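Visitor:
Chains as they are written, first to last, in UniProt numbering: chain A, 1 to 345; chain U, 1 to 345.
(1) Could you check which residue in A:133, A:116, A:166 has the C-alpha nearest to that of residue 124 (chain A)?
(2) Is DSSP giving residue 251 (chain U) helix, strand or coil here?
(3) Helix, strand or coil for residue 58 (chain A) per DSSP?
(4) Using Cβ-Cβ distances below 9 Å, what residues of the segment 187-203 of chain A are close to chain U?
(5) Please state if the CB of residue 205 (chain U) and the CB of residue 230 (chain U) are separated by a distance shorter than 8 Å.
(6) Mind checking whether residue 109 (chain A) and residue 121 (chain A) have CB atoms under 8 Å apart?
(7) Tell me which residues of the segment 62-77 of chain A have at least one Cβ-Cβ distance to chain U shorter than 9 Å, keeping chain order.
(8) Can you pull the chain U residues whose beta carbon is under 8 Å from the beta carbon of residue 160 (chain A), in chain order?
(9) Below 9 Å between beta carbons is the criterion; list the residues of the segment 219-242 of chain A that meet it against any residue of chain U, in chain order.
(10) Report the neighbours of residue 277 (chain A) on chain U: residues whose CB is nearer than 8 Å to its CB, in chain order.
(11) I need the boundaries of the beta strand (DSSP E) containing residue 159 (chain A), first residue and last residue.
(12) Just list the beta strand (DSSP E) runs in the segment 278-304 of chain U, keeping only unbroken ones of 3 residues or longer that don't cross its boundaries, in chain order.
(13) Just to confirm the assignment, what range does the beta strand (DSSP E) spanning residue 44 (chain A) have?
(14) Which of the three DSSP states is assigned to residue 306 (chain A) in this structure?
(15) Ordered along the chain, which non-local residues of its own chain (more than five positions away) have a Cβ less than 8 Å from that of residue 328 (chain A)?
(16) What do you reckon, are the CB atoms on residue 30 (chain U) and residue 85 (chain U) nearer than 8 Å?
(17) Can the beta-carbon of residue 196 (chain A) be found less than 8 Å from the beta-carbon of residue 166 (chain A)?
(18) Given that a residue counts as buried once 16 or more other Cβ atoms are within 10 Å of its Cβ, and exposed if not, what is residue 72 (chain U)?
(19) Using a Cβ-Cβ cut-off of less than 7 Å, list which residues of the segment 259-274 of chain U approach chain A; keep chain order.
(20) Check this for me: beta carbons of residue 147 (chain A) and residue 173 (chain A), under 8 Å apart or not?
(21) Residue 266 (chain U) bridges to which residues according to DSSP?
(22) Under a Cβ-count criterion, where at least 16 other Cβ atoms within 10 Å of its own Cβ denotes burial, should residue 28 (chain A) be classed as buried or exposed?
(23) Which residues in the same chain have their Cβ closer than 7 Å to the Cβ of residue 248 (chain A), if we skip the five residues on either side of it in sequence?
(24) Counting C-beta neighbours from all protein chains within 10 Å, is the total for residue 263 (chain A) 16 or more, i.e. buried, or is it exposed?
(25) According to DSSP, what are the bridge partners of residue 183 (chain U)?
(26) Residues in the segment 288-313 of chain U with C-beta within 7 Å of chain A's C-beta atoms, listed in sequence order?
(27) Note down, in chain order, every chain A residue with its Cβ under 8 Å from the Cβ of residue 245 (chain U).
(28) Buried or exposed for residue 175 (chain A), please, with buried defined as at least 16 other CB atoms from any protein chain shown within 10 angstroms of its CB.
(29) Helix, strand or coil for residue 76 (chain A) per DSSP?
(30) With residue 14 (chain U) and residue 59 (chain U) assumed to form a contact (beta carbons below 8 Å), what rounded beta-carbon distance in angstroms separates them?
(31) Using a Cβ cut-off of 7 Å, pull out every chain A residue sitting near residue 56 (chain U), in sequence order please.
(32) When you compare the CB of residue 280 (chain U) with every CB in chain A, is at least one pair closer than 8 Å?
(33) Taking the Cβ atom as the reference point for each residue, do residue 189 (chain U) and residue 170 (chain U) lie within a distance shorter than 8 Å?
(34) Taking the DSSP output, what are the residues bridged to residue 339 (chain A)?
(35) Should residue 16 (chain U) go down as buried or exposed, given a rule of 16 or more other Cβ atoms within 10 Å for buried?
(36) Which chain A residues are close to residue 85 (chain U), counting only those with a beta carbon under 7 Å from its beta carbon?
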């Protein structure tokens with residue numbers, strides 16, 4: 001059986017803020033079968049993850065592109081791999097059977113052909129919506145869990161600041177930190193997001209950074225006794241302001257620097273603070289923390305079942321809407337994990 | 001008995017590069033006795049340490065001034081405490097007797113009155129010159145040892161870059177790293193220093209940064225396979241260039257940022273590199289590593305006795321020359337540990 005597969009490609013490299021004109025919806029016929037002797041797995045995509053880091057892959061050049069296999073350069077005109085949940089339609093790999101639910105690196109499209117060796121595993125939904133496995137129980141969740149517990153090494157009562165706190169990772173860091181017994185302040189880019197952080201997710205405080213003119217003073221106001229942990233998703237001025245307000249032996253976990261992705265503007269923290277306050281600034285990727293994967297899944301699913309944690313999701317339907325969903329990440333359109341629903345389950 | 005004590009003070013705060021006009025040699029009569037009931041210790045200073053960090057104490061404001069007791073602000077017109085070796089002339093403290101050699105926080109002057117609770121201990125020279133206890137066996141040595149072994153966590157064969165490699169701490173980091181089995185490249189600011197690093201101290205390579213126009217390319221040339229550890233003494237452009245050349249899981253130990261002390265110019269490392277290469281940038285102070293103090297002393301004194309390590313010292317005589325010795329730190333005049341000899345032993 002053959003279908004017409006619709007999928008998203010970039011038309012050129014993207015070296016600034018992404019725009020609709022950078023993207024194209026392509027169609028190609030695809031056989032829903034596997035050649036004899038091939039180990040390919042053909043899957044029908046259900047939900048795909050929309051993440052800011054993809055922009056670094058779209059650039060003509062980014063140092064990120066040589067870092068790890070899923071961060072390699074995206075070639076204009078070719079399919080774009082992304083994390084997501086799918087259903088197997090044909091398998092040449094004995095690990096997968098037709099109709100299996102799977103999670104892993106699929107594509108921004110209706111179908112994906114997953115080669116052997118690529119990240120793909122069978123998915124047990126454990127009674128949760130499938131979208132949870134793209135976000136809170138997927139790599140966004142692992143980034144938050146590994147980044148907070150492993151990189152930040154929190155102690156109860158410490159003061160935690162989270163930027164892009166209503167984003168896919170930030171909202172979870174704040175929830176983990178609160179459940180762990182920290183004081184948590186988040187920043188976000190709208191009044192609605194700020195209210196949500198405080199009222200739905202239990203942040204102690206939150207503020208809209210767009211209302212502030214001097215971020216150092218703002219953070220001083222929210223942290224009169226200083227910041228112990230800064231979970232950084234934005235970089236640039238916010239990182240500078242956080243370092244200025246950090247306590248001795250403070251830790252900065254750098255998960256992402258979205259403000260630097262589009263314009264290359266750099267953070268310039270005061271290194272005198274770094275030395276004298278003995279601050280640690282550490283970059284990390286979720287994939288580094290597979291050692292805590294089973295803890296992450298059991299802890300998070302327990303919290304979800306008891307209602308102690310909330311999955312904050314922002315789901316758009318339709319493969320054709322992937323570009324706008326992606327573009328919206330850089331103007332703060334999403335609230336929580338951005339997911340595009342490709343097909344009914 | 002009373003003497004005329006000559007000592008150095010600042011005339012004003014110093015908010016840029018230090019100049020002779022910022023300093024003054026003051027005189028005051030001093031009783032070489034201790035009042036009954038006082039715990040003071042009066043010492044005759046022999047050697048005092050001349051360190052870049054003192055500039056941060058001289059500023060009208062620096063975030064460093066609230067970090068730790070020996071980094072507090074220096075008040076214009078008042079004596080300046082500094083690490084050094086001295087001999088007790090009178091003691092109200094039962095731990096010290098007349099003629100004891102001591103090491104600790106004394107003053108930029110001929111005599112010091114050390115209050116109880118200030119850092120001072122009896123010194124066993126262990127057969128080494130007294131100056132070694134100001135530098136290689138003092139806080140410079142501990143900064144190098146603790147910074148390299150504890151903060152950088154080196155593995156044999158790793159590639160290490162050291163800036164201000166002929167400075168008081170840098171030259172020791174390079175020597176420790178070589179003895180540990182690392183590949184070591186240092187940078188310094190003159191041909192003479194570069195030769196010394198390679199010929200006397202055993203660095204694998206060294207270069208004069210003043211001869212280079214593009215530090216990123218320079219480091220690429222010396223580290224075609226990347227840098228695993230950067231021991232940073234300068235900050236700014238060199239930190240940026242090192243981060244750009246670092247390997248995955250690279251570590252930056254920030255011991256000092258001398259290039260940022262005088263002009264406030266900031267380093268702006270590429271945070272995308274920090275994230276994707278999972279780089280750790282960590283500031284530290286020697287005082288944080290007292291836990292390895294006895295290891296440091298035994299290892300270093302063994303290396304000195306076997307001739308595996310060299311003490312690189314730059315000694316100027318005369319209390320009146322403290323300002324010029326200090327000013328010279330910021331133009332790279334010193335080669336190795338800068339010490340002013342105050343009196344014959």
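Every residue gets a Cβ at the ideal spot worked out from N, C-alpha and C, and that includes glycine.
This structure is a prediction, so every number in the text was calculated from the model and none was measured.
Guide: The short version:
(1) Here the question's residue 124 (chain A) lines up with position 124 in the first chain. For the residues A:133, A:116, A:166, the minimum Cα distance to residue 124 (chain A) belongs to A:133.
(2) The sequence position of residue 251 (chain U) within the second chain is 251, counting from 1. Looking at residue 251 (chain U) - three-state DSSP - the assignment turns out to be strand.
(3) If you number the first chain from 1, residue 58 (chain A) lands on position 58. Three-state result, residue 58 (chain A): helix.
(4) none
(5) Taking the first residue of the second chain as position 1, residue 230 (chain U) is located at position 230. Taking the first residue of the second chain as position 1, residue 205 (chain U) is located at position 205. Contact flag unset, no.
(6) Your numbering for residue 109 (chain A) matches position 109 in the first chain. Your numbering for residue 121 (chain A) matches position 121 in the first chain. No, the Cβ-Cβ distance between residue 109 (chain A) and residue 121 (chain A) is not below 8 Å.
(7) 62, 63, 64, 65, 66, 67, 68, 71
(8) For the purposes of this step, residue 160 (chain A) is taken as residue 160 along the first chain, with counting starting at 1. Those within 8 Å of residue 160 (chain A) in chain U number zero; the least Cβ separation is about 19 Å.
(9) 232, 235, 236, 239, 240
(10) Along the first chain, one-based indexing puts residue 277 (chain A) at 277. 63, 67, 283, listed in chain order.
(11) As a first step, residue 159 (chain A) must be located in the first chain, where it is residue number 159. Residue 159 (chain A) -> beta strand (DSSP E) spans 159-162.
(12) 280-283
(13) By one-based count along the first chain, residue 44 (chain A) stands at place 44. Element bounds for residue 44 (chain A): 41-49.
(14) Translated into the one-based positions of the first chain, residue 306 (chain A) becomes position 306. Three-state DSSP puts residue 306 (chain A) in a helix.
(15) Position 328 of the first chain, counted from the start, is the residue given in the question as residue 328 (chain A). So the qualifying residues of the chain are 334, 338.
(16) Stepping through the second chain from its first residue, residue 30 (chain U) is reached at position 30. Stepping through the second chain from its first residue, residue 85 (chain U) is reached at position 85. For residue 30 (chain U) and residue 85 (chain U), no; Cβs fall outside 8 Å.
(17) Start at 1 with the first residue of the first chain, and residue 196 (chain A) comes out as number 196. Start at 1 with the first residue of the first chain, and residue 166 (chain A) comes out as number 166. Yes.
(18) As a first step, residue 72 (chain U) is located in the second chain; it is residue number 72 there, counting from the start. Classification for residue 72 (chain U): exposed.
(19) 260, 266, 267, 268, 270, 271, 272, 273, 274
(20) Within the first chain, numbered from 1, the residue matching residue 147 (chain A) stands at position 147. Within the first chain, numbered from 1, the residue matching residue 173 (chain A) stands at position 173. Yes, they are a contact pair.
(21) Locating residue 266 (chain U) in the second chain gives position 266, where the first residue counts as 1. Paired residue(s): none; residue 266 (chain U) is not in a bridge.
(22) Taking the first residue of the first chain as position 1, residue 28 (chain A) is located at position 28. So residue 28 (chain A) ends up on the exposed side.
(23) For the purposes of this step, residue 248 (chain A) is taken as residue 248 along the first chain, with counting starting at 1. Hits under 7 Å: 277, 278.
(24) Taking the first chain and counting its residues from 1, one reaches residue 263 (chain A) at position 263. Flag for residue 263 (chain A) reads exposed.
(25) As a working mapping, residue 183 (chain U) is identified with position 183 in the second chain. Residue 183 (chain U) pairs with U:159.
(26) 288
(27) In the second chain, residue 245 (chain U) corresponds to position 245, counting from 1. Per Cβ cutoff of 8 Å: no residues; residue 245 (chain U) is ~10 Å from chain A at best.
(28) Start at 1 with the first residue of the first chain, and residue 175 (chain A) comes out as number 175. The residue in question, residue 175 (chain A), is buried, as its Cβ has 16 or more Cβ neighbours within 10 Å.
(29) Walking along the first chain from the start, residue 76 (chain A) turns up at place 76. If DSSP states are grouped into helix, strand and coil, residue 76 (chain A) belongs with coil.
(30) For the purposes of this step, residue 14 (chain U) is taken as residue 14 along the second chain, with counting starting at 1. For the purposes of this step, residue 59 (chain U) is taken as residue 59 along the second chain, with counting starting at 1. Correct: roughly 6 Å between the Cβ atoms.
(31) Numbered from its first residue, the second chain carries residue 56 (chain U) at position 56. Under the 7 Å cutoff, chain A gives 272.
(32) Reading the second chain from its first residue, position 280 is the one you call residue 280 (chain U). Judged by the 8 Å Cβ criterion, residue 280 (chain U) is in contact with chain A.
(33) Indexing the second chain from 1 puts residue 189 (chain U) at position 189. Indexing the second chain from 1 puts residue 170 (chain U) at position 170. Not a contact, by the Cβ cut-off of 8 Å.
(34) Position 339 of the first chain, counted from the start, is the residue given in the question as residue 339 (chain A). A:49, A:315, per the DSSP bridge assignment.
(35) On the second chain, residue 16 (chain U) is found 16 positions in, with the first residue counted as 1. So residue 16 (chain U) counts as exposed.
(36) Walking along the second chain from the start, residue 85 (chain U) turns up at place 85. Ordered by position in chain A, no residue passes the 7 Å Cβ test against residue 85 (chain U), which lies about 25 Å from the chain.
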